[in-house]
Structure formats: structure tokens, C-alpha cells
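Residues 1 to 356 in this note's numbering are what the sequence shown spells out, letter by letter.
Report on the structure given below.
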Amino acid sequence: MILVTGGAGFIGSNFVLDWLAGSQEAVLNLDKLTYAGNRANLAALQGDARHVFVQGDVGDSALVGRLLAEHQPRAIVHFAAESHVDRSIHGAGDFIDTNIVGTFRLLEAARAYWGGLPEKEKADFRFLHVSTDEVYGSLAPGAPAFTEQHVYEPNSPYSASKAASDHLVRAWHHTHGLPVLTTNCSNNYGPYHFPEKLIPLMITNALAGKPLPVYGDGMQVRDWLYVGDHCSAIRRVLEAGRPGQTYNVGGWNEQPNIEIVHTICTLLDEMRPREGGPSYRTQIAHVKDRPGHDRRYAIDARKIERELGWRPAETFETGIRKTVQWYLNHPDWVAQVQSGAYRDWVATQYGAAAGA
Ligand code: NAD
Ligand code: TYD
């Protein structure tokens with residue numbers, strides 16, 4: 001079996017669902033169930049003996065040690081993290097605890113377990129660390145996209161904490177020989193995306209008749225990748241990546257935020273037109289910019305294509321249409337995640353007027 005951390009979050013749950021759709025190999029899913037973790041994402045696996053869910057913290061060394069000894073996984077895929085830049089600006093403590101200290105403790109538990117494995121299992125073991133392109137900082141317009149050699153220049157508390165975790169993972173390979181793999185991926189979108197992030201926030205706010213808050217001029221550029229493609233890249237790196245290597249993963253799809261918002265409005269105008277009303281675009285509201293806002297991210301994903309033959313299967317057009325359709329089809333999921341805690345966040349970040 002494999003151990004997945006953070007498998008009740010956005011990407012982790014997509015990964016677990018995709019994994020078990022394509023493989024008989026069981027998944028041990030360790031997730032703390034923070035505000036971002038949601039067991040409803042895994043409802044399709046209820047009663048499936050291949051999925052073992054444990055609520056717990058990656059920083060709980062005793063628990064992780066016990067789980068490794070008991071289940072003997074052949075790999076760890078580490079998604080668990082605090083993942084939202086805006087929350088890291090309001091308070092970075094949880095980001096330091098989980099992304100840095102939690103990763104350190106997980107690495108130590110993995111090292112102790114791996115060190116005691118028989119030769120063959122030891123050679124085959126992998127620790128795959130899921131990271132972000134944000135560790136590289138912000139690109140000037142026209143500058144070449146991030147390669148794996150790009151200098152680390154994290155600018156937000158979130159990206160700084162992820163950069164620190166990448167360095168720890170690297171060091172555990174170089175110093176201790178732990179067979180690690182790191183993926184640095186661009187912005188994901190798709191089903192089960194928590195509506196604090198740009199794309200699901202815009203879809204759910206549009207449908208609720210609320211303002212669509214675009215930070216600053218909306219000309220910040222991100223490189224969007226459909227979540228299913230990120231999951232297939234991780235499976236491929238786990239299968240054939242070289243220990244100690246890092247792989248950039250991206251969608252070859254750079255777009256300014258305002259264009260993303262326009263596309264969502266156009267799709268909603270077609271798929272769920274406002275009754276007798278004007279376009280959803282009329283709900284767009286430019287709001288105060290994010291402090292330290294990175295202007296542009298772009299991924300050069302040629303290494304993973306050249307060495308491992310991976311390329312995204314979805315275009316942005318196909319992926320965003322599927323995503324909008326998924327949110328239209330799952331109003332109950334949206335209502336459930338927009339709990340009291342979510343409303344508190346919206347009030348903190350966007351002001352009480354934009355809340356509930
Ligand atoms: P998410 O916030 O949706 O989910 C994180 C999950 O981790 C949640 O289920 C949460 O309960 C769990 N978790 C948090 N702290 C934990 C702890 N201490 N112990 C155990 N579980 C804990 O995040 P996501 O968007 O799914 O991102 C997953 C990973 O991918 C993160 O490491 C993130 O940095 C990385 N990543 C995300 C993106 C993106 O666009 N979302 C892009 C590139 C990389
Ligand atoms: P986000 O989804 O938070 O991802 P990240 O900051 O990790 O890239 O934001 C994506 C982009 O959208 C980013 O440039 C910030 C911007 N944004 C808005 O303009 N309005 C919003 O309400 C949110 C959440 C994000």
C-alpha cells in the first residue's frame with residue numbers, strides 16, 4: 001500500500017479517488033481534517049476496504065511511526081499542508097507548524113521506518129513531496145518560465161514555508177540517502193476545490209449573486225493545470241522519477257486572473273444564465289490588492305515530458321468547463337463546505353458585507 005498525507009483536501013482527495021479507480025493497491029490516508037479537509041470528498045470510497053482513513057497530524061511522530069510499522073507502505077505521497085496564501089498573510093503559525101515542522105517530523109519517521117526495511121523494499125521505497133511553483137517567486141513579464149534550476153525566491157509566508165519543506169526533503173536525501181522525489185506544480189483547479197481559492201470562489205460567488213473580488217488590476221498571471229493532470233504527473237513521478245530529483249509540473253496555460261474570471265462568467269452565462277439578468281460579469285468588483293502579491297508564475301514542464309513522457313491531457317477549455325459543470329452539479333457539497341468557519345474567513349478577508 002501507499003501512505004497519502006492530506007488525502008481529504010482538494011488535490012489529495014482527487015489523487016486518492018483517481019488512484020483507486022486505476023489500481024488495486026490500497027491507500028492509507030492520514031489527514032488532520034483542518035478546515036480544508038473534508039471526508040465528504042471521499043464519500044465514494046465508503047465501504048471500500050482498499051481505503052483506510054486515519055484522522056491525525058503528520059507532526060504526530062508516535063502516530064506516524066505506528067502507522068508505518070503496522071501498514072508497511074512502499075511509498076509516502078505527502079500532500080498535507082496549509083495551502084492558502086491569504087490565510088498565511090493573516091497568520092503564519094499553522095504554516096510553520098504543518099509545512100515545516102510537520103514535514104520534518106514526517107521525514108524523520110519515514111527515515112526510521114525506511115532504515116529498518118529489508119534491502120529490496122529499502123531500494124524501492126519512495127517519499128514523494130508535493131510542492132508548488134510559488135517557491136520560485138515572481139517572474140517579470142516575458143521572462144522565461146521556471147525550470148528546476150530556478151533560484152528559490154519565495155515571497156509569501158505560504159511559499160516560504162513550502163520552500164523550507166523542499167529544502168528539508170532535499171537534505172534528507174543528500175545527508176541520509178532517503179529516496180525522495182519532489183514535484184513543484186502550478187495552480188490547480190477542478191472538483192473539490194475549496195471555495196477560498198480564485199476559481200471555486202468565483203463560481204460559487206457568481207451563483208450566489210455575490211461580488212467577484214478581483215485583487216488589484218487582475219493582471220497577475222498564473223499557469224493553471226487541471227487537478228486530474230497533476231494527479232497523473234504525481235503517479236508518473238512515483239513510478240519512474242529518479243530519487244533526489246525535482247520535477248516541475250504545469251499546464252502550459254498562463255492567464256491573467258481577470259481573463260479567468262471572464263471565462264467563468266461566460267461559461268455560467270451559457271450553462272446557468274441569470275434569470276432575465278445581465279451577464280455575471282456585472283458582479284466583478286476590483287478590491288484592494290494582496291500584500292506582496294506575486295505578479296506572474298509560469299512553469300517550464302519540459303523535464304517531466306522529456307524524462308517521464310508526461311503531458312497534461314486537458315486543455316484549459318475542457319478542464320474549466322468540466323469544473324464549472326461539477327460545481328453546478330454539487331450544490332450540496334458547496335453548501336456543506338460553506339460552514340460557519342468558512343463564513344468567518346470570508347468576513348475576515350473580504351469584509352462583513354461580502355460575508356454570508
Ligand atoms: P488543501 O488545503 O485543499 O488540503 C490540505 C489537506 O491537508 C487538508 O485535507 C488538511 O486537512 C490536511 N492537513 C493540513 N494540515 C495537516 C497536518 N498537520 N496533518 C495532516 N493533515 C493535514 O490543499 P491542496 O490544494 O489540496 O494542496 C495539497 C498540496 O499540494 C499542498 O502541499 C500544496 O502546497 C500543494 N500544491 C497545491 C497547489 C494548488 O493549486 N492547490 C499547487 C501546487 C502544489
Ligand atoms: P489563489 O487561488 O489564492 O492561488 P495562489 O495565490 O496560490 O496563486 O489565487 C490565484 C490568483 O487569484 C492570485 O493572483 C490571487 C487572485 N485572487 C483574486 O484576485 N481574488 C480572490 O478572491 C482570490 C482568492 C484570489
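The beta carbon of each residue, even a glycine, is placed where N, CA and C say it ideally should be.
No experiment lies behind these values; they were computed from the predicted model shown.
If you draw a straight line from the C-alpha of residue i to the C-alpha of residue j, how long is it?
i	j	result
residue 154	residue 160	5 Å
residue 99	residue 183	15 Å
residue 361	residue 239	The displayed coordinates of the chain run from 1 to 356. Any statement about residue 361 would go beyond what the structure contains.
residue 275	residue 318	26 Å
residue 82	residue 158	8 Å
residue 225	residue 298	11 Å
residue 203	residue 110	39 Å
residue 310	residue 304	6 Å
residue 58	residue 69	15 Å
residue 66	residue 122	18 Å
residue 300	residue 247	10 Å
residue 117	residue 250	34 Å
residue 97	residue 216	30 Å
residue 338	residue 201	11 Å
residue 25	residue 1	5 Å
residue 273	residue 199	18 Å
residue 10	residue 102	19 Å
residue 340	residue 333	14 Å
residue 330	residue 38	14 Å
residue 324	residue 312	19 Å
residue 171	residue 328	45 Å
residue 61	residue 112	11 Å
residue 209	residue 126	47 Å
residue 231	residue 108	25 Å
residue 86	residue 345	10 Å
residue 90	residue 84	10 Å
Quick one: residues in its chain with C-beta nearer than 6 Å to the C-beta of residue i, no 5 flanking neighbours on either side, listed in chain order?
i	result
residue 205	212
residue 63	56
residue 53	29
residue 308	236, 240
residue 136	146, 150
I'd like the list of long-range same chain contacts for residue i, defined as Cβ closer than 8 Å, with 5 residues on each side in sequence excluded.
i	result
residue 220	256, 257, 293, 294, 295, 296
residue 342	35, 195, 196
residue 16	4, 7, 27, 29, 42, 45, 51
So, for residue i: in the same chain, excluding its five sequence neighbours on each side, which residues have a beta-carbon less than 7 Å away from its beta-carbon?
i	result
residue 141	296
residue 167	none
residue 73	1, 2, 3, 28
residue 359	This structure cannot speak to residue 359, because the chain is shown only from 1 to 356.
Alpha helix (DSSP H) segments (min. 4 residues) lying fully within the region 244-300: Runs found: 257-271.
4 or more residues per run - each alpha helix (DSSP H) lying fully within the region 176-256: Fully enclosed alpha helix (DSSP H) runs of 4 or longer: 198-207, 227-240.
Length at least 4, wholly inside the region 109-136: the alpha helix (DSSP H) runs in chain order: Qualifying alpha helix (DSSP H) stretches, in chain order: 119-124.
Stretch pair the region 261-273 + the region 237-251: three plus CB contacts closer than 8 Å: In this structure the region 261-273 does not touch the region 237-251; the number of beta carbon pairs closer than 8 Å is below three.
Any 3 or more C-beta pairs closer than 8 Å across the region 278-288 and the region 185-195: No, the region 278-288 is not in contact with the region 185-195.
Inside the region 307-350 only - alpha helix (DSSP H) runs reaching at least 4 residues: Taken in chain order, the complete alpha helix (DSSP H) segments of 4 residues or longer contained in the region 307-350 are 316-329, 331-337, 340-350.
Whole beta strand (DSSP E) elements within the region 40-107, 3-residue minimum: List check, beta strand (DSSP E) in window: 51-55, 75-78.
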